[in-house]
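Here is the structure we will look at, set down as structure tokens.
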Amino acid sequence: MALIYDAATTPFQRRVYDAAQEIPRGMVTTYVRLARHLGCGSARAVGQALRRNRYAPRVPCHRIISADLRPGGFSGQTGGAALRRKQALLRAEGVLFRAGRLADARQLFDFR
DNA sequence: ACATGTTCCTTAC
DNA sequence: GTAAGGAACATGT
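Under this note's numbering, think of the first position of the first sequence as 13, with each following residue one higher.
So this is what it looks like as structure tokens:
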């Protein structure tokens, strides 16, 4: 079921959000992988789009982490309480973090 | 330390 | 009101 996007949502943001919805529950992916899936050379651009996501929780922006398996960012923050909320959401889906990084690399989702 | 793509903000016509 | 330029950004090497 496709999401109806606001007129202010740019084409690039729609592609990012559509891709994010492909990530199954209990899995995560990285900014790099998502960017590559879109044919975009900049993971930073993906982070920029996710930062402005207005469609949570339909668009599961919490399932995107950084390439070194650290949490990345959430709700406009790169650290602090926001990141703990992000990890709490993932924990509820069965994705665990140990020592500040993703515990089980098998939970990384690959786009096809 | 620099490259990268996209968006936001400011400034100028 | 529109155009153009520069800065910012939830990154990665």
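Just so you know, even glycine gets a beta-carbon here, dropped at the ideal spot from N, CA and C.
In this structure, DSSP gives leucine 114 an extended state, which the three-state scheme calls strand. Two segments are said to touch when three or more pairs of C-beta atoms, one from each, lie closer than 8 Å; by this definition the stretch 21 to 34 does not touch the stretch 104 to 112.
Less than 7 Å separates the beta-carbon of isoleucine 77 from that of valine 40. In the structure shown, the three-state DSSP call for valine 107 is coil.
Within the DSSP bridge table, the entry for leucine 120 names Val40 as partners. Close CB contacts of histidine 49 within its chain, under the 6 Å cut and outside five residues either way in sequence, are with Ala31, Phe123 (chain order). The beta carbons of isoleucine 35 and proline 72 sit about 6 Å from each other, so the pair counts as a contact at 8 Å. In the DSSP annotation of this structure, the continuous segment of the alpha helix (DSSP H) that includes leucine 62 starts and ends at 55 to 63.
Approximately 5 Å separates the beta-carbon atoms of proline 83 and leucine 95; this is inside 8 Å, confirming the contact. Minimum Cα-Cα distance from proline 69 among the listed residues Ala19, Phe121, Ser87, Leu114 corresponds to Ser87.
Valine 58 and glycine 85 have their C-alpha atoms some 12 Å from each other.
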